[in-house]
Amino acid sequence: MPNNIAFPLRSRTKASDSRVDPARILEALPQAIVAIDGALAIRYVNAKAEEFFYASASTLLNSELSELIPSDSPVFSLIRQVLRTAAPVAEHGLMLQGRRIGERDVLIQATPLGDPPDLVIVAFQERSIADRLDQQWNRRGAVQSARAMAAMLAHEVRNPLSGIRGAAQLLEQSANDEDRELTRLICDETDRIKALVDRMEVFSDDMPLEREAVNIHTVLDQARRVAVASYARHVAFVERYDPSLPSVLGNREQLVRLFTNLIKNAAEAITRGSGAIVLSTAYQSGLRLSLPNGNGRAHLPLVVSVEDNGEGIPEAIRPHIFDAFVSGKQSGTGLGLALVAKIVGEHGGLIELENLPRRTIFRVFLPMAERSNE
Ligand SMILES: Nc1ncnc2c1ncn2[C@@H]1O[C@H](COP(=O)(O)OP(=O)(O)OP(=O)(O)O)[C@@H](O)[C@H]1O
Ligand SMILES: [Mg+2]
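What the sequence shown shows, in the numbering used here, is residues 1 to 374, in sequence order.
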């Protein structure tokens, strides 16, 4: 939701003429607002909703939502969830498809009304395809530049580095204790640079991935177990898995790498208090996304999220966190998310970040393996 909507609700100087009719506000909102009842019938639409669904209010008010949006769309599960839990939900990056509305990329917010809720207020806001592609292209650009950098480092740095280390080792043989401390320092520091160059090396590899049907829950389990044994000892894990989730079409090793990096970042963001990482998986049949490489559309129904309640992403680096060498940590190399973006891209998937107060959610959308391959 944009947070720049300002309503000119001034103080009430004259009680009689300064009241603002709430209906006028609803009509002026840039989001399409629709009220849905428990039977999923439409009970209210604002002006923007008429535009959004290409129909007049009177037509819409005599319709069921399923006449506008196919009933397997995730919008319905959102609405049912709101009716059941009485808690608002927001979902972004949803592709709505329907005879009447065509194909629309939207942000959706659903809010309960009444206690228990008898209505759900759904706000649809279209997100331009251009925005989305731009964002993905930028990430691809970041991956490309990391790749070029990795190739350059391997050539220009690794060889002289082993020369320096070898020379320091030779000197060490005839050095006194004091000098030996210095030759040790040279070796340790060159080792550190070599480790960084090695980490960069994965970027220079542009071989196509070998992919097969992979159970994402075993991938998450492996990433979680490694985390619990080391950098996430201080963190509680919550697993919200859809046990019937179909397999991902993916490369197991790379997927473990991807989620290890997301979990490590989440654990590092939890520096105090009772931190928790929520790992969840879900199936969203209606999610179809445009691919940035001009390859048309991808069906990415498997959604895997890593959520934490840590510090959040520093605002200054938020637009660039998928770029290599962007880090908000003192000793971070800033390569984790660049690698994540590379792996997601190689899977034809998509990654989105939702940044809420004390809730940071990375959502990865992945393709499904054909059932016959499972
Ligand atoms: N879950 C998160 N919560 C808060 N900040 C995050 C989170 N994930 C990433 N970040 C921010 O994004 C930056 C970039 O992350 P990235 O994984 O690319 O690098 P890094 O963690 O700093 O270093 P590396 O992963 O190479 O050790 C982090 O330094 C951190 O500031
Ligand atoms: Mg990291």
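The C-beta atom is built at its ideal place from N, Cα and C for all residues, glycine as well.
From a predicted model like this one, the values you see are computed outputs, not experimental measurements.
Next on the checklist: Quick check: does the Cβ of Thr281 come within less than 8 Å of any heavy atom belonging to ligand 1?
Outcome noted: As a working mapping, residue 281 is identified with position 281 in the sequence shown. The answer is no for Thr281.
Item to check | Leu78 and Ala110 closer than 9 Å at C-beta | outcome: For the purposes of this step, residue 78 is identified with residue 78 of the sequence shown, where counting begins at 1. For the purposes of this step, residue 110 is identified with residue 110 of the sequence shown, where counting begins at 1. A contact, by the Cβ cut-off of 9 Å.
Item to check | Interface flag, Leu161 vs chain C, CB-CB below 9 Å | outcome: Any reference to chain C falls outside this structure, which holds one protein chain only.
Checklist entry - Ordered along the chain, which non-local residues of its own chain (more than five positions away) have a Cβ less than 6 Å from that of Ile186? => result By one-based count along the sequence shown, residue 186 stands at place 186. The residues are Ala168.
Item to check | Of the residues Asp242, Leu258, Ala269 and Gly312, the one placed nearest Thr281, counting alpha carbons only | outcome: The count along the sequence shown starts at 1 and reaches residue 281 at position 281. Nearest of Asp242, Leu258, Ala269 and Gly312 to Thr281, Cα basis: Asp242.
Item to check | Coarse secondary structure for Glu50, derived from DSSP in three states | outcome: As a first step, residue 50 must be located in the sequence shown, where it is residue number 50. Glu50 falls in the helix class under three-state DSSP.
Checklist entry - Cβ of Asp342 within 8 Å of any heavy atom in ligand 2? => result As a first step, residue 342 is located in the sequence shown; it is residue number 342 there, counting from the start. Per the sequence shown, residue 342 should be read as Lys rather than Asp. The answer is no for Lys342.
Checklist entry - Using CA coordinates, which residue listed in Glu181, Val256 and Gly114 is at the minimum distance from Thr218? => result Residue mapping note: residue 218 aligns to position 218 of the sequence shown, counting from 1. Ranking Glu181, Val256 and Gly114 by Cα distance to Thr218 puts Val256 first.
Checklist entry - In chain order, which continuous runs of the alpha helix (DSSP H) of length 4 or greater are located wholly inside the stretch 46-127? => result 47-52, 57-61 and 74-85
Checklist entry - Would the beta-carbon of Leu356 be found less than 8 Å away from any heavy atom of ligand 1? => result Position 356 of the sequence shown, counted from the start, is the residue given in the question as residue 356. The answer is no for Leu356.
Checklist entry - Comparing the CB of Asp198 with every heavy atom of ligand 1, is any distance shorter than 8 Å? => result Position 198 of the sequence shown, counted from the first residue, corresponds to residue 198. Asp198: no, Cβ never under 8 Å from ligand 1.
Next on the checklist: Using C-beta distances below 6 Å, list every residue in its chain close to Arg158, excluding the 5 sequence neighbours before and after it, in chain order.
Outcome noted: Residue mapping note: residue 158 aligns to position 158 of the sequence shown, counting from 1. For Arg158, where only same-chain residues beyond five positions count, the Cβ hits under 6 Å are Val197.
Checklist entry - Is there at least one non-hydrogen atom of ligand 2 closer than 8 Å to the beta-carbon of Lys194? => result Residue numbering aside, residue 194 sits at position 194 when the sequence shown is read from its first letter. False, no ligand heavy atom lies under 8 Å from that Cβ.
Item to check | N-terminal and C-terminal residue of the alpha helix (DSSP H) that Ile343 is part of | outcome: Within the sequence shown, the letter at position 343 stands for residue 343. Here the alpha helix (DSSP H) through Ile343 covers Gly336 to Glu346.
Checklist entry - DSSP puts Val197 in a beta bridge; with which residues? => result Residue mapping note: residue 197 aligns to position 197 of the sequence shown, counting from 1. Answer by DSSP bridge pairing: none, since Val197 is not bridged.
Item to check | Helix, strand or coil at Thr281 [DSSP, three-state] | outcome: Translated into positions along the sequence shown, residue 281 becomes position 281. Note: Thr281 maps to strand in three-state DSSP.
Checklist entry - For Glu370, which three-state DSSP category applies? => result Residue numbering aside, residue 370 sits at position 370 when the sequence shown is read from its first letter. In the structure shown, Glu370 sits in coil (DSSP, three-state: anything other than H, G, I, E or B).
Item to check | Short Cβ contact (9 Å threshold) for Leu258 with Arg211 | outcome: Indexing the sequence shown from 1 puts residue 258 at position 258. Indexing the sequence shown from 1 puts residue 211 at position 211. In terms of Cβ geometry, Leu258 and Arg211 do not form a close pair [threshold 9 Å].
Next on the checklist: Let me confirm a value: His234 is counted as buried when at least 16 other C-beta atoms fall within 10 Å, else exposed. Which label applies?
Outcome noted: Indexing the sequence shown from 1 puts residue 234 at position 234. Flag for His234 reads exposed.
Checklist entry - Buried or exposed: where does Gly93 fall if 16 or more other Cβ atoms within 10 Å of its Cβ makes it buried? => result As a first step, residue 93 must be located in the sequence shown, where it is residue number 93. Under this definition Gly93 is a buried residue.
Item to check | Proximity test, Phe362 beta-carbon vs ligand 1 heavy atom, cut-off 8 Å | outcome: Indexing the sequence shown from 1 puts residue 362 at position 362. Under cutoff, so the answer is yes.
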